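Chemist: Taking the numbering used here, I'd label the letters of the sequence shown as residues 836 to 1236.
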Amino acid sequence: MSGNSILVINAGSSSLKFALFCLDTAGALNLAARGLVDGIGSRPQFKVKDAMGQALLERELEVTDVREVKDAIALAGLWLGTHFPGEALLAVGHRVVHGGADYAQPVRVDDTVLADLEKLTPLAPLHQPHNLAAIRALRETQPQLPQIACFDTAFHRSHPQLADIYALPWDYYEAGVRRYGFHGSSYEYIASVLPQVAPSIAPGRVIVAHLGSGASLCALRGGKSVDSTMGFSPLDGIPMGTRPGALDPGVLLYLVGQRGMTATALEKLLYKQSGLLGLSGVSNDMRLLLESAEPRAQLAVDYFVHYIAKEIGALAAVLGGLDALVFTAGIGENAPEIRARIVSACAWLGITLNQEANQRGDACISTTDSTASAWVVPTNEELMIARHALAQMQPGQAPQH
Ligand code: AMP
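Okay, structure coming up:
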């Protein structure tokens, strides 16, 4: 293989995910390989799969070889260079969690942008520093290589003001306490493919349920985000694998004021120990909960479905009705039982499930006489980021869909 390619990087606290997309002669981006270095600084492992999901590499590494994210990038770069020797990297697209109030589009990173993004670290202390560390590492070793930051928050900057504020004194809004929304690359990807997958609903009122280990809902009108369940942080909204979703702030006041919990302990409780895991005491993995006979595992699943249905109702009110509900991400794409239960709770919105289509995981899973339809659309955040990175290298062209 030889030609031009785009590398997508998603750097976390102890892991680096990457995906290489090759540009074909028609200008489309095709996945060539997807990889993961995890256990950085502890028990590093390096795995790469091809576009069909077949393993190309699975290797355990010495901790001395991969101490930090820049080591993981060097490792990935070496492997990709060896396996795709003819590929010239046009740009690297980075998943960056926070673009703040101002970055409503992906942006090519320069010194000014990097300084701006560093200022946003207090808003996303668990993710932003790691996202930026990857950018900085690549700027050091390959200063000429264009790097494009794509933000989880950017797609939601089309929210009207009412969906962007909290009822706090106005100074807090000015200081950045706003509803930013997250999972933007996933929602943008879904919005970009709806005109092909489901042309009848694409211009309408659509709720997308991104149900993965992180989970949120987004209300789309004409393909633009008008509201979403996540707010200032990715903690808000519906329950998730290890995050509780919306919580009365009085609970936090009680935990801090009466139980003496520190900010660090609260962070651990809210990001790592709550949600499906905390409620069930069994697992954060929906597959295990669905198989479990433990009453609290079933309660956790009931709670998950109940809150999603409740929030779908709220977003349908925001949209003034509903034309379609779209399921995506790990649970949304792979768990027919959960989809069936959510759709059943949304029958009042005019959706009737087509049981067989739902079991098969067809694109359309509602009956033809439903007044609002239901869909399963696989998301592809990496491809969305790659398209943006490519578009930045081709000024004047919108990302291809
Ligand atoms: P994601 O974050 O989008 O990769 O989604 C990960 C989550 O999807 C996992 O934690 C599982 O709970 C869930 N998941 C994946 N496959 C299935 C499945 N076949 N049935 C139920 N849940 C699944």
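Cβ coordinates follow ideal geometry from the N, Cα and C atoms, glycine included. This one's a predicted model, so the numbers in the text were calculated from it and none came from an experiment.
1. In the DSSP output, what is glutamate 922 paired with across the bridge?
2. Hey, is isoleucine 1025 close to ligand 1, as in C-beta under 8 angstroms from one of its heavy atoms?
3. What residues match up with cysteine 1199 in a beta bridge as DSSP calls it?
4. Whose CB is closer than 5 angstroms to a heavy atom of ligand 1? List the residues in chain order.
5. Give a yes or no on whether 9 angstroms exceeds the smallest Cβ distance from threonine 1163 to chain D.
6. May I have the straight-line CA-CA distance separating alanine 1170 from proline 1213, to the nearest angstrom?
7. Can you list, in chain order, the residues of its chain with a C-beta nearer than 6 angstroms to that of valine 931? Leave out the 5 residues immediately preceding and following it.
8. Would you list the one or two residues that DSSP bridges to valine 1178?
9. Tell me the DSSP secondary structure of serine 1063 in three-state form.
10. Which same chain residues, not among the five before or five after glycine 934, have their C-beta less than 7 angstroms away from its C-beta?
11. Serine 840: buried (16+ other C-beta within 10 angstroms of its C-beta) or exposed?
12. Using the C-alpha atoms, what's the distance from histidine 918 back to glycine 1072?
13. Tell me, which residues are paired with asparagine 1193 by DSSP?
14. From Glu1102, Glu975, Leu1160, Ile1173, pick the residue whose C-alpha is nearest to that of alanine 909; which is it?
15. CA-CA distance, alanine 1037 and valine 1140?
16. Can you say whether methionine 887 is buried or exposed, counting buried as having 16 or more other CB atoms within 10 angstroms of its CB?
17. With a cut-off of 8 angstroms on the beta carbons, I'd call alanine 1143 and arginine 1174 a contact; round off their distance for me.
18. Excluding the 5 residues preceding and the 5 following leucine 1070 in the sequence, name in chain order all residues of the same chain whose CB lies nearer than 6 angstroms to its CB.
19. For aspartate 1237, does the three-state DSSP call read helix, strand or coil?
20. Thinking C-alpha only, which one of Pro1230, Gln1229, Glu1217 is nearest valine 866?
21. Determine contact between the segment 1016-1034 and the segment 1117-1125, defined as no fewer than three beta-carbon pairs at a distance below 8 angstroms.
22. Three-state secondary structure (DSSP) at alanine 1081?
23. Since phenylalanine 994 contacts serine 1048 with CB under 8 angstroms, what's their CB separation in whole angstroms?
24. Would you call the segment 944-951 and the segment 863-878 touching, i.e. three or more CB-CB distances under 8 angstroms?
25. Just to confirm before moving on: does the CB-CB distance between glycine 1110 and proline 1074 stay below 9 angstroms?
Modeler: Looking at the atomic coordinates:
1. To locate residue 922, count along the sequence shown from 1; it is residue 87. Glutamate 922 is bridged to Gly838.
2. Here residue 1025 refers to the residue found at position 190 of the sequence shown. It does not: the Cβ of isoleucine 1025 is nowhere closer than 8 angstroms to a heavy atom of ligand 1.
3. Here residue 1199 refers to the residue found at position 364 of the sequence shown. Cysteine 1199 is bridged to Trp1210.
4. Gly1047, Ser1048, Asp1120, Met1121, Arg1122, Ala1164, Gly1165, Ile1166, Asn1169, Ala1170
5. No chain D appears in the structure shown, which is made up of a single protein chain.
6. Along the sequence shown, one-based indexing puts residue 1170 at 335. Along the sequence shown, one-based indexing puts residue 1213 at 378. If I take the Cα positions, the gap works out to 12 angstroms.
7. Translated into positions along the sequence shown, residue 931 becomes position 96. Taken in chain order, the residues that qualify are Asn966, Ala984, Phe986.
8. Position 343 of the sequence shown, counted from the first residue, corresponds to residue 1178. For valine 1178, which the question treats as bridged, DSSP gives no partner whatsoever.
9. Translated into positions along the sequence shown, residue 1063 becomes position 228. Three-state DSSP puts serine 1063 in a strand.
10. Working through the sequence shown from its first residue, we reach residue 934 at position 99. Around glycine 934: Phe986, Thr988, Ala989.
11. Here residue 840 is taken as the residue at index 5 of the sequence shown, counted from 1. Under this definition serine 840 is a buried residue.
12. For the purposes of this step, residue 1072 is taken as residue 237 along the sequence shown, with counting starting at 1. For the purposes of this step, residue 918 is taken as residue 83 along the sequence shown, with counting starting at 1. Between glycine 1072 and histidine 918, the C-alpha separation is close to 42 angstroms.
13. Counting from one through the sequence shown, the residue named residue 1193 turns up at place 358. Asparagine 1193 is not bridged to any residue.
14. Locating residue 909 in the sequence shown gives position 74, counting from the first residue. For alanine 909, the nearest C-alpha among the options comes from Glu975.
15. Walking along the sequence shown from the start, residue 1037 turns up at place 202. Walking along the sequence shown from the start, residue 1140 turns up at place 305. One C-alpha to the other measures close to 25 angstroms.
16. The sequence position of residue 887 within the sequence shown is 52, counting from 1. Per the 10 Å Cβ criterion, exposed.
17. Counting from 1 along the sequence shown, the entry for residue 1143 is found at position 308. Counting from 1 along the sequence shown, the entry for residue 1174 is found at position 339. With the sequence shown as reference, residue 1143 is identified as isoleucine, and alanine is not the correct amino acid for it. Going by Cβ atoms, the distance from isoleucine 1143 to arginine 1174 rounds to 10 angstroms, so no, they are not a contact pair.
18. Taking the sequence shown and counting its residues from 1, the one referred to as residue 1070 is at position 235. Arg1078, Leu1105, listed in sequence order.
19. Here the chain covers residues 836 to 1236 and nothing more, so residue 1237 does not appear.
20. Numbered from its first residue, the sequence shown carries residue 866 at position 31. In the sequence as displayed, the identity of residue 866 is leucine instead of valine. Answer by Cα proximity: Glu1217.
21. no
22. Position 246 of the sequence shown, counted from the start, is the residue given in the question as residue 1081. Alanine 1081 falls in the coil class under three-state DSSP.
23. If you number the sequence shown from 1, residue 994 lands on position 159. If you number the sequence shown from 1, residue 1048 lands on position 213. In the sequence on display, residue 994 carries histidine and not phenylalanine. The Cβ separation is near 24 angstroms, so there is no contact.
24. no
25. Translated into positions along the sequence shown, residue 1110 becomes position 275. Translated into positions along the sequence shown, residue 1074 becomes position 239. Yes; because the gap between Cβ atoms is below 9 angstroms, this pair is in contact.
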